[in-house]
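S.K.: Residue numbers (the numbering used here), protein chains in the order written: chain A, 1 to 350; chain B, 1 to 350; chain C, 1 to 328; chain D, 1 to 328.
Beta carbons are placed, not taken as given, at the ideal position from N, Cα and C, and that holds for glycine.
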Amino acid sequence: MQKPEYDAELVHALGGAGLLTDQKNNPDIERLKDHYRQMLRIRAFESEAVRAIADALVPGFIHPSIGQEAVPVGVCAHLGRDDLLLSTHRGHGHTLAKGADAEAMMRELFGREGGTCRGKGGSMHIADFSIGMLGANGVVAANITIAAGAAHALKLRGKNNVVACFFGDGATNRGPFLEGLNWAKTFDLPVLFVCEDNQWSATTKTSAMLAGPGPLARAQSFGLAGTSINGNDILAVDEAAKNAVASIKNGGGPHFLHCRTYRHGGHTGTDPAAYRDAAEAETAMRDDPVATCAQLLRKADISESSIRAIEEEATAEMRRIKDNASHAPWPDKRIVYEDVQDLGAVEAGR
Amino acid sequence: MQKPEYDAELVHALGGAGLLTDQKNNPDIERLKDHYRQMLRIRAFESEAVRAIADALVPGFIHPSIGQEAVPVGVCAHLGRDDLLLSTHRGHGHTLAKGADAEAMMRELFGREGGTCRGKGGSMHIADFSIGMLGANGVVAANITIAAGAAHALKLRGKNNVVACFFGDGATNRGPFLEGLNWAKTFDLPVLFVCEDNQWSATTKTSAMLAGPGPLARAQSFGLAGTSINGNDILAVDEAAKNAVASIKNGGGPHFLHCRTYRHGGHTGTDPAAYRDAAEAETAMRDDPVATCAQLLRKADISESSIRAIEEEATAEMRRIKDNASHAPWPDKRIVYEDVQDLGAVEAGR
Amino acid sequence: MNSTCTMTYVEAAIAALREEMQRDASVWALGEDLGRGGVFGQYKGLQNEFGPARIADTPISEAAIMGAALGAAMTGTRPVVEMRFSDFALCAVDELVNQAAKARYMFGGQARAPLVVREPVGMWGYLAAQHSQSLESWYTHIPGLVVLAPATARDAKGLLKAAIRCDDPVVLLEHKNLWPMRGEVANGMDALTPIGKADVARSGKDITLVSWSAMVHECLAAADILASEGIEAEVIDLRSLWPWDEEAVFASLRKTGRLVIVQEAVTTSGFGAEIAARVAETCHSDLKSPIQRLGSPRVPIPYAPLLENELKVSPQMITAAVKLSVRS
Amino acid sequence: MNSTCTMTYVEAAIAALREEMQRDASVWALGEDLGRGGVFGQYKGLQNEFGPARIADTPISEAAIMGAALGAAMTGTRPVVEMRFSDFALCAVDELVNQAAKARYMFGGQARAPLVVREPVGMWGYLAAQHSQSLESWYTHIPGLVVLAPATARDAKGLLKAAIRCDDPVVLLEHKNLWPMRGEVANGMDALTPIGKADVARSGKDITLVSWSAMVHECLAAADILASEGIEAEVIDLRSLWPWDEEAVFASLRKTGRLVIVQEAVTTSGFGAEIAARVAETCHSDLKSPIQRLGSPRVPIPYAPLLENELKVSPQMITAAVKLSVRS
Ligand SMILES: Cc1ncc(C[n+]2csc(CCOP(=O)(O)OP(=O)(O)O)c2C)c(N)n1
Ligand SMILES: Cc1ncc(C[n+]2csc(CCOP(=O)(O)OP(=O)(O)O)c2C)c(N)n1
Ligand SMILES: [Mg+2]
Ligand SMILES: [Mg+2]
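(1) Using beta-carbon positions only, say whether C:PRO290 and C:ALA222 come within less than 8 Å of one another.
(2) Tell me the rounded alpha-carbon separation between B:LEU181 and B:GLU196.
(3) What's the C-alpha gap between D:GLU136 and D:TRP242?
(4) Closer than 8 Å, CB to CB, is B:VAL361 near chain C or not?
(5) Could you spell out where the alpha helix (DSSP H) holding D:MET21 opens and where it closes?
(6) What residues match up with D:GLN292 in a beta bridge as DSSP calls it?
(7) Do B:ALA241 and B:VAL191 come within 8 Å of each other at the CB atom, strictly closer than that value?
(8) Are three or more beta carbon pairs between the region 114–134 of chain A and the region 49–62 of chain C nearer than 8 Å?
(9) Any heavy atom of ligand 4 closer than 7 Å to the Cβ of B:THR206?
(10) May I ask you to verify whether the region 116–132 of chain D touches the region 74–83 of chain D, counting CB pairs closer than 8 Å and requiring at least 3?
(11) Say yes only if the C-beta of A:SER228 is nearer than 7 Å to one or more non-hydrogen atoms of ligand 5, and no if none qualify.
(12) Hey, quick one: how far does the alpha helix (DSSP H) through B:GLU108 stretch, first residue to last?
(13) Skipping 5 residues on each side, what residues in its chain have a beta carbon closer than 8 Å to that of C:CYS166?
(14) Which of the three DSSP states is assigned to B:THR21 in this structure?
(15) I think C:ALA157 touches C:ALA15, with their Cβ atoms under 8 Å apart; what is that distance to the nearest whole Å?
(16) Using a Cβ cut-off of 8 Å (strictly closer), state whether C:PHE107 contacts chain A.
(17) Identify the contact partners of B:PHE166 in chain C, using a Cβ-Cβ distance below 9 Å as the criterion.
(18) With three or more C-beta pairs closer than 8 Å as the rule, is the region 246–262 of chain C touching the region 19–28 of chain D?
(19) Identify each residue in the region 214–225 of chain A for which the Cβ-Cβ distance to at least one residue of chain B is less than 8 Å, and report them in chain order.
(20) With a threshold of 8 Å on Cβ separation, who are the neighbours of B:ALA348 within its own chain once the five nearest residues in sequence on each side are excluded?
(21) Express the C-alpha separation of C:ILE301 and C:GLU331 in angstroms, rounding to a whole number.
(22) Taking only three categories from DSSP, how would you classify A:TYR337?
(23) Note down, in chain order, all residues in the region 181–207 of chain C with a beta-carbon under 9 Å from any beta-carbon belonging to chain A.
(24) B:ALA150 and D:THR75 - do their beta-carbons sit closer together than 8 Å?
(25) Is the beta carbon of A:GLY158 closer than 8 Å to that of A:ASN198?
(26) What are the start and end residues of the alpha helix (DSSP H) that includes A:GLY74?
(27) Counting beta carbon pairs with one atom in the region 82–93 of chain A and one in the region 275–285 of chain D, are three or more of them shorter than 8 Å?
(28) Among the candidates C:LYS323, C:PHE40, C:CYS91, C:TYR9, whose CA atom is the shortest distance from the CA of C:GLY230?
(29) Measuring alpha carbon to alpha carbon, tell me which of B:ARG320, B:PRO331, B:CYS165, B:LEU210 ends up nearest B:PRO254.
(30) Using three-state DSSP, classify B:LYS98 as helix, strand or coil.
(31) For D:ASN187, which three-state DSSP category applies?
(32) Please report the straight-line C-alpha distance between D:LEU209 and D:GLU232, rounded to a whole angstrom.
(33) Would you kindly report the start and end of the unbroken beta strand (DSSP E) that includes D:ILE55?
(34) Nearest-angstrom Cα distance between D:ALA191 and D:LEU311?
(35) So, do the region 106–113 of chain B and the region 318–328 of chain B have three or more beta carbon pairs nearer to each other than 8 Å?
(36) With DSSP collapsed to three states, give me the class of C:PRO79.
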């Protein structure tokens with residue numbers, strides 16, 4: 001089972017009026033700089049988090065998304081505060097791109113007071129409901145039906161918002177993928193399904209376990225419109241997400257974006273990915289979304305120093321945040337009994 | 001969402017060398033008579049079972065397959081005793097066509113001694129392992145992954161048999177449908193998936209709940225080869241099953257048959273199906289597999305009396321069986337504690 | 001507002017959903033075939049009244065039904081999930097147990113999941129092993145879930161209403177044998193049955209029978225027989241299994257000193273075990289004789305009536321257990 | 001054949017599977033990432049040795065993993081199913097509980113489902129609510145399932161071997177904290193741990209501590225402390241939860257008259273409740289003081305170490321419970 005090669009025409013399949021090409025030739029510089037900044041913030045956040053593992057600051061697992069930053073940044077550029085987002089175990093990028101407070105996130109990873117989830121969730125359950133980020137998820141594909149339901153509620157409540165639901169290529173082998181997509185289409189719900197295809201399912205190559213032409217074909221067989229794009233090309237993602245969100249908001253029903261990308265590191269922050277073919281990794285990492293974006297900035301005549309400034313700012317921000325978070329107090333242990341349920345919760349104590 | 005109309009060409013898509021047309025013009029009479037006999041046996045069995053409800057002989061639910069008989073008969077004509085079969089709640093037809101003892105089945109429906117499952121299963125769990133019929137199932141779509149596993153074992157054990165797995169159109173909305181088909185294709189297993197599309201999911205029209213082009217497109221998106229046929233045409237089923245089983249046995253991997261048919265009665269034996277559009281039902285029932293087969297026999301110059309003789313024989317057989325079963329003894333109630341498990345079973349008594 | 005009327009358990013359930021849907025536009029129901037009234041008629045007429053968006057037919061997709069309900073519950077609606085048979089809820093356990101039950105906690109209190117999962121439970125109609133189970137003890141074991149099991153028409157209404165208004169996920173177990181049972185039901189929009197409070201269905205001084213759901217009626221039948229023999233059994237209908245009314249049980253035991261727990265579910269690791277354990281821990285010195293539990297043996301549910309019957313607790317088994325207790 | 005050697009729990013588990021696969025060609029294992037050795041290294045080297053058909057990597061399809069295992073078990077093979085984390089088994093409950101557990105019974109004895117479901121359980125590595133659960137009591141409630149929970153390297157090997165040879169579906173709970181623990185392990189192809197037999201991990205006359213899985217070691221630690229204070233605790237490692245060795249517990253109780261049950265799982269409706277209930281029913285007059293259960297409060301498992309720690313039973317909590325019992 002081979003993945004189909006990237007078909008540039010698909011990028012335009014959604015009826016985008018040549019905007020991508022326009023952007024490539026004549027990009028909106030401020031927008032591009034912003035994308036670059038957001039991607040670097042994600043990369044810097046995760047780089048600090050990975051370093052923090054060695055400092056024994058991260059009690060649990062983290063799943064870095066380094067190499068995949070263009071997808072959340074390009075998609076979230078089209079989401080407003082009242083649009084919703086559901087994520088996976090690999091969720092820092094989505095959470096940051098949706099606008100969450102990075103220090104609260106780092107505190108959550110460190111299990112400290114002031115974490116987004118009071119230290120109860122950690123990386124795999126990071127969430128910020130105040131900005132519509134309804135949670136990472138420790139169970140592969142479980143967020144898909146939940147996202148459909150969130151969109152169901154939006155429709156029932158007469159809202160004109162969308163729900164973005166991110167998941168991996170491996171997730172398309174789980175039943176809830178079928179059930180959630182069929183649900184969204186049957187009830188004509190405003191969901192943007194974003195498959196981040198990084199070619200890997202933990203330590204197994206997804207192509208060895210996924211039969212048929214791939215995630216997009218599956219989505220299409222459930223009646224969803226969709227596109228397959230180079231997920232490492234921030235302009236391609238920006239463009240495709242723009243069209244998809246517009247289509248959804250115009251009542252076009254759920255939409256599917258298949259974003260081809262690559263996970264630069266291992267499955268978790270401590271996995272050296274030694275099982276991976278070195279040549280595969282090397283080739284794939286040449287198409288780095290951050291480097292590609294920097295190239296676009298250069299092409300648009302942005303100076304090396306301006307580009308470096310953006311990088312340095314992101315790095316400094318996240319270094320400061322890591323430092324702050326590492327000095328944050330531990331949560332009061334009595335909160336362990338809070339947030340269980342209203343009824344029968346107190347009695348649960350011992 | 002409309003169902004695509006019947007595309008006669010699809011019947012040949014599997015590469016059958018015009019056999020169907022051959023059969024239509026010049027059918028193997030004995031084979032056709034046999035099909036007719038088997039279809040009528042199923043219809044007579046279920047008609048007696050439905051009548052037995054009124055006689056208070058059937059304690060639980062039965063789900064008749066009247067109107068759908070051509071599918072099991074046409075498929076099972078290509079299965080040997082060592083080929084396996086997994087069925088659904090609507091499983092009498094499959095069980096009879098695979099060769100089970102009709103009286104043991106009726107006894108099972110009546111909860112009597114000598115039932116296929118000792119009276120412990122009833123209609124929804126009817127099974128006869130001695131002929132490779134590995135069970136009906138009370139949970140929609142649950143048999144799909146089990147069938148994939150049975151085929152997995154065949155492959156591991158180096159057998160050249162196939163597993164036939166029957167399920168309804170509604171079942172294609174459940175996650176195990178995706179997981180089971182992807183599994184079968186990924187591991188290249190000998191499974192013939194047969195979707196009996198009777199247009200209904202219990203009392204809901206499936207088309208209202210199933211997004212996209214339909215079951216076959218879904219199967220194809222998981223990489224399976226497949227065909228959509230008129231499931232009320234015994235020759236079409238016979239032909240398609242023949243080709244499918246041959247392809248599987250030649251190492252072609254799992255195959256999908258989408259059989260368009262119609263459930264003549266209600267969802268259960270006591271459901272009058274009053275919710276159904278009368279015109280829809282009338283039109284659909286005009287394409288009755290039994291009547292169509294009788295027409296073919298007539299065309300082949302079989303006499304009315306010969307045709308009637310087959311009917312009468314089937315009816316008489318099942319009447320006798322119902323009568324026998326209704327006089328069969330009840331099971332010894334002590335068997336309730338048997339067949340639980342080897343360890344810890346005795347202790348379960350009270 | 002203290003008026004009552006007589007209706008069946010199923011009518012009471014319909015009335016409860018209707019009233020809550022009238023009262024709160026964010027309440028809606030979803031499940032297979034609801035437009036036809038549901039398998040047991042427990043949604044009869046409601047789709048006509050509220051339309052197909054609020055009484056929503058769904059695909060045969062239990063995982064999506066439960067997952068979508070959670071998503072919709074976290075974002076401003078109050079879904080009532082119909083599982084058709086409690087057994088099919090086993091197709092959606094990740095969604096209920098890993099997701100809905102834990103959402104509020106995992107996200108540090110940011111989420112609320114006010115959904116109700118309706119599960120018709122129990123042996124009924126001879127439907128065998130996959131259509132007859134009672135798995136309430138599972139849900140009581142899961143932090144974050146509220147678990148309710150009405151035994152009467154009054155509580156079918158009062159607990160469904162309370163469940164819908166609850167801000168946390170509730171599993172509501174409705175016994176299939178009870179749908180046609182009539183009873184007095186309180187009128188009034190706010191006639192809720194309080195969650196966590198047991199009902200003393202019959203008072204007595206000699207022994208305490210603790211039960212819930214359909215088995216309450218077997219206990220009452222047994223109590224009638226026992227009364228004719230001079231033994232006054234107190235019958236406690238727990239109604240809520242989580243939170244459950246320990247105090248009501250303990251108080252009764254202080255009076256009677258004897259306890260028989262009666263459930264339809266498999267005895268081993270059933271909820272009766274939790275009750276027995278709490279009583280053993282807490283009321284050891286009040287006990288005049290050993291606690292007894294009655295329930296199903298650890299056997300899947302067979303089809304044939306006479307086999308299924310073997311698994312059921314009968315009033316005779318209850319009276320026998322009571323006499324054993326009273327005599328020892 | 002009575003020789004032993006020292007190895008870790010994970011090495012013992014690998015050895016067990018290797019031996020059974022050598023012995024019986026119908027044994028195979030399936031699960032995600034097994035070719036890399038499994039999340040905890042419990043399949044290390046086996047794919048090289050037996051090939052990818054018998055140590056099979058699978059799609060992320062828990063329902064299919066379990067369902068396929070059942071199909072393959074009913075047709076002449078003995079699958080060993082890896083669930084990665086016990087929590088993910090909740091994606092395959094229909095397949096295990098409605099299908100595998102009931103197949104033999106529903107089909108009137110025609111089917112056998114000799115499969116082993118391996119579920120790494122418990123709090124480990126601070127993985128929060130969806131990667132840390134212990135749901136053994138659920139499985140003990142389901143007719144047709146055998147439930148095992150080895151606490152030592154010896155039983156990690158002996159019970160996995162016994163599970164593979166068992167003709168019925170077995171849920172084998174391996175505690176993540178135990179993988180590196182060393183112990184004496186019996187050599188020999190047929191050195192099985194008998195299913196249904198408890199182990200007296202330490203004998204004592206003053207009180208009985210009943211436990212299983214990782215908590216056995218907390219009980220042993222508590223017993224050490226207690227011994228230094230003159231209290232001799234008997235520690236019973238159940239090993240099998242279904243069938244479980246009632247006789248071993250009852251016999252100990254007849255000697256000590258006092259019982260503390262220790263589990264990692266949520267106390268409410270945990271398996272400890274079943275033990276407590278059976279003891280209360282059967283050994284009422286042997287009890288010199290009330291039974292006590294120690295376990296997790298009914299709270300989802302939080303991420304931060306200091307919060308997670310709040311849920312865990314410590315040797316100090318055990319000694320406190322013992323002293324309360326001995327003094328009353
Ligand atoms: C239901 C379930 N099965 C298995 C796992 C273990 N697991 C965590 S991430 C992962 C790989 C997921 O692959 P993919 O969906 O492609 O996402 P990616 O990690 O590549 O972002 C697996 C198998 C899980 N969390 N949930
Ligand atoms: C998981 C599950 N959900 C719901 C049901 C209830 N149910 C039994 S049959 C049926 C309809 C199935 O439709 P289809 O798959 O098309 O099969 P058909 O009945 O038409 O043969 C439903 C919803 C069930 N048995 N299992
Ligand atoms: Mg991936
Ligand atoms: Mg159908």
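M.R.: The structure says:
(1) The residue given as residue 290 of chain C occupies position 290 in the third sequence. The residue given as residue 222 of chain C occupies position 222 in the third sequence. No, these two residues do not count as a Cβ contact at 8 Å.
(2) Within the second sequence, the letter at position 181 stands for residue 181 of chain B. Within the second sequence, the letter at position 196 stands for residue 196 of chain B. Rounded to the nearest angstrom, the two C-alpha atoms are 16 Å apart.
(3) Counted from its first residue, the fourth sequence places residue 136 of chain D at position 136. Counted from its first residue, the fourth sequence places residue 242 of chain D at position 242. The straight-line gap from Cα to Cα measures roughly 10 Å.
(4) No answer is possible for residue 361 of chain B: the residues shown for chain B start at 1 and end at 350.
(5) Within the fourth sequence, residue 21 of chain D is the residue found at index 21, counting from 1. Start and end: 9–23.
(6) In the fourth sequence, the residue the question calls residue 292 of chain D occupies position 292. Residue pairing from DSSP places D:GLN292 in a beta bridge opposite D:VAL260.
(7) Position 191 of the second sequence, counted from the first residue, corresponds to residue 191 of chain B. Position 241 of the second sequence, counted from the first residue, corresponds to residue 241 of chain B. No, Cβ-Cβ distance for B:VAL191 and B:ALA241 is not below 8 Å.
(8) Using a Cβ-Cβ distance cut-off of 8 Å, the region 114–134 of chain A and the region 49–62 of chain C are not in contact, since fewer than three pairs of beta carbons, one from each stretch, lie closer than that value.
(9) On the second sequence, position 206 is the one that residue 206 of chain B refers to. It does: the Cβ of B:THR206 is within 7 Å (strictly closer) of some heavy atom of ligand 4.
(10) Yes: the two stretches touch, three or more of their Cβ pairs being nearer than 8 Å.
(11) With respect to ligand 5, the structure offers nothing, as its ligand set consists of ligand 1, ligand 2, ligand 3 and ligand 4.
(12) Within the second sequence, residue 108 of chain B is the residue found at index 108, counting from 1. Residues 102–110.
(13) Start at 1 with the first residue of the third sequence, and residue 166 of chain C comes out as number 166. Here the set comprises PRO114, VAL116, VAL146, ILE195.
(14) Position 21 of the second sequence, counted from the start, is the residue given in the question as residue 21 of chain B. With a pLDDT of 47 at B:THR21, under the threshold of 50, the modelled position of that residue is not reliable, and no figure is offered here.
(15) Here residue 157 of chain C refers to the residue found at position 157 of the third sequence. Here residue 15 of chain C refers to the residue found at position 15 of the third sequence. The sequence shown places Lys at residue 157 of chain C, not Ala. The distance from the Cβ of C:LYS157 to that of C:ALA15 is about 6 Å, consistent with a contact at the 8 Å cut-off.
(16) Counting from one through the third sequence, the residue named residue 107 of chain C turns up at place 107. Yes, C:PHE107 lies at the interface with chain A (some Cβ there is under 8 Å from its Cβ).
(17) Looking up residue 166 of chain B in the second sequence gives position 166. Within chain C, no residue has its beta carbon less than 9 Å from that of B:PHE166; the closest one is some 16 Å off.
(18) Contact fails: fewer than three Cβ-Cβ distances are below 8 Å.
(19) Result list: ALA217, ARG218, GLN220, SER221, PHE222, GLY223, LEU224.
(20) Here residue 348 of chain B refers to the residue found at position 348 when the second sequence is read from its first residue. Only weak support exists for where B:ALA348 lies, its pLDDT of 48 falling under 50; the value from the coordinates is given anyway. Contacts found: TYR337, VAL340.
(21) Outside the shown range of chain C (1 to 328) lies residue 331 of chain C, about which nothing can therefore be said.
(22) As a first step, residue 337 of chain A must be located in the first sequence, where it is residue number 337. Helix, per DSSP.
(23) With the criterion set as a beta carbon lying under 9 Å from some beta carbon of chain A, the members of the region 181–207 of chain C are ILE195, GLY196, in sequence order.
(24) Locating residue 75 of chain D in the fourth sequence gives position 75, where the first residue counts as 1. Locating residue 150 of chain B in the second sequence gives position 150, where the first residue counts as 1. At the C-beta level, D:THR75 and B:ALA150 come within 8 Å of one another.
(25) By 1-based counting over the first sequence, the position of residue 198 of chain A is 198. By 1-based counting over the first sequence, the position of residue 158 of chain A is 158. Result no, Cβ atoms of A:ASN198 and A:GLY158 do not sit closer than 8 Å.
(26) Position 74 of the first sequence holds residue 74 of chain A. Residue range 70–76 is occupied by the alpha helix (DSSP H) that includes A:GLY74.
(27) Flag = no, the region 275–285 of chain D and the region 82–93 of chain A do not touch.
(28) Sequence index remark: in the third sequence, residue 230 of chain C carries index 230 (1-based). Nearest option by C-alpha distance: C:LYS323.
(29) Here residue 254 of chain B corresponds to residue number 254 of the second sequence, with the count starting at 1. When each option's Cα is compared against that of B:PRO254, the closest is B:CYS165.
(30) By 1-based counting over the second sequence, the position of residue 98 of chain B is 98. Helix, per DSSP.
(31) Taking the first residue of the fourth sequence as position 1, residue 187 of chain D is located at position 187. Of the three classes helix, strand and coil, the one that applies to D:ASN187 here is coil, per DSSP.
(32) Here the question's residue 209 of chain D lines up with position 209 in the fourth sequence. Here the question's residue 232 of chain D lines up with position 232 in the fourth sequence. Answer to the nearest angstrom: the Cα atoms are 11 Å apart.
(33) The count along the fourth sequence starts at 1 and reaches residue 55 of chain D at position 55. Boundaries of the beta strand (DSSP E) harbouring D:ILE55: 55–57, taken from the DSSP string.
(34) The residue labelled residue 191 of chain D in the question sits at position 191 within the fourth sequence. The residue labelled residue 311 of chain D in the question sits at position 311 within the fourth sequence. It is roughly 36 Å from the alpha-carbon of D:ALA191 to the alpha-carbon of D:LEU311.
(35) In this structure the region 106–113 of chain B lies against the region 318–328 of chain B, because at least three pairs of beta carbons, one per stretch, are closer than 8 Å.
(36) What you label residue 79 of chain C is simply residue 79 of the third sequence in a count that begins at 1. Reduced to three states, the DSSP call for C:PRO79 is strand.
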